[in-house]
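> Have a look at this one before I ask anything.
Numbering (my numbering), first residue to last: 5 to 213.
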C-alpha cells in the first residue's frame, strides 16, 4: 500500500506542473465545462499508458534512436503550433461559454492524447523514471505484478486532471466571454512557445547528429 501511495503521489507530481497537457485541460474546462476537460485528461492518461506499455515491452531502445527522437520533437512542435494558432484565432472570434456544445467533447479525448503523445518531455520522463521504477520493482515481484504496480502512477495523473476539471467547471461561471478571449490568446502564445522549444530541440538534435 505504501508503494501504491508513493506511485499516486508521483503521478500527481508528474501531472501538476503547467505544460501543454495542463493548458489543454484548463482551456477546455474554462470554455466547455467538466466533461470535455475530463476527456482531455483521459486522453493525456491514455498517452502516458501508451508510453508505459512501449517501455514495458522493450521498445524504449527504439524510442531512444536519435532519428526517432528528432521526429517526435518535430511532430510535437507541429501539434502545438496548430493548437496555439487555433487558440489565438479564437481571440478574434465570438466565444460562447455553453455546456450545450457537446460536439466539442467528441474531439477532447483525441486532443489530450495528441498533445501528450507528441510531447518529448513526456517520452523522456517515462523512459527515464518509469524504466527505473519498473526495474527496481521486478527485483521484488514478478514482471506482471511490477507492471500492475507501476500502473498506479496513472491513478495520480488522472486524479489531478479530474480535480482540475471539477474546479474549472465551477470556476468558469466567473469567466466572461471577453475574459475567455484573453485567456485563449495567452494560452495560444504559451502553446506556440512550447512548440518553439520543441522545434529548437529538434534543430539542436539534427545539428548534433
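Glycine included, every Cβ here is placed at the ideal spot set by N, Cα and C.
According to the neighbour-count rule (16 or more other Cβ atoms, all chains shown, within 10 Å of its Cβ), is residue 114 buried or exposed?
Its Cβ having fewer than 16 others within 10 Å, residue 114 is exposed.
> Does residue 89 pass the burial test, meaning 16 or more other C-beta atoms within 10 Å, or should it be called exposed?
That one is exposed.
> When you compare only the Cα positions, how much space is there between residue 105 and residue 159?
For residue 105, the predicted model reports a pLDDT of 47, less than 50, meaning its position is unreliable; a value from the coordinates is still stated below. Distance between the alpha carbons of residue 105 and residue 159 is about 28 Å.
> Going by Cα to Cα distance, which pick from 47, 86, 84, 182 is closest to residue 112?
Measuring from the Cα of residue 112, the nearest candidate turns out to be 47.
> Looking only at its own chain, which residues have a Cβ that is under 7 Å from the Cβ of residue 53, when we skip the five neighbours before and after it?
So the qualifying residues of the chain are 158.
> Spatial neighbours of residue 125 within its chain, please: CB distance less than 8 Å, with the 5 preceding and 5 following residues excluded, ordered by chain position.
Same-chain partners within the cutoff: 23.
> Hey, residue 32 and residue 41: beta-carbon distance below 9 Å or not?
Going by C-beta atoms, residue 32 is nearer than 9 Å to residue 41.
> Compare the C-alpha of residue 12 against each of 84, 43, 156, 131 and name the closest.
Of the listed residues, the one whose Cα sits closest to residue 12 is 156.
> Give me, in chain order, the residues of the same chain whose beta-carbon lies closer than 7 Å to that of residue 14; leave out the 5 immediate sequence neighbours on both sides.
Cβ within range, chain order: 157, 160.
> Which residues mark the beginning and the end of the alpha helix (DSSP H) in which residue 70 is found?
Note, residue 70: alpha helix (DSSP H), 70-93.
> Might you give, ordered along the chain, the residues of its own chain that have their beta carbon closer than 7 Å to the beta carbon of residue 164, omitting 5 neighbours on each side?
Closer than 7 Å at the Cβ level, and outside the excluded window around residue 164, lie 16, 19, 20.
> Compare the beta carbon distance of residue 199 and residue 85 with 9 Å and say whether it is the shorter of the two.
Yes, they are a contact pair.
> For residue 87 versus residue 28, is the C-beta spacing smaller than 9 Å?
Yes, these two residues count as a Cβ contact at 9 Å.
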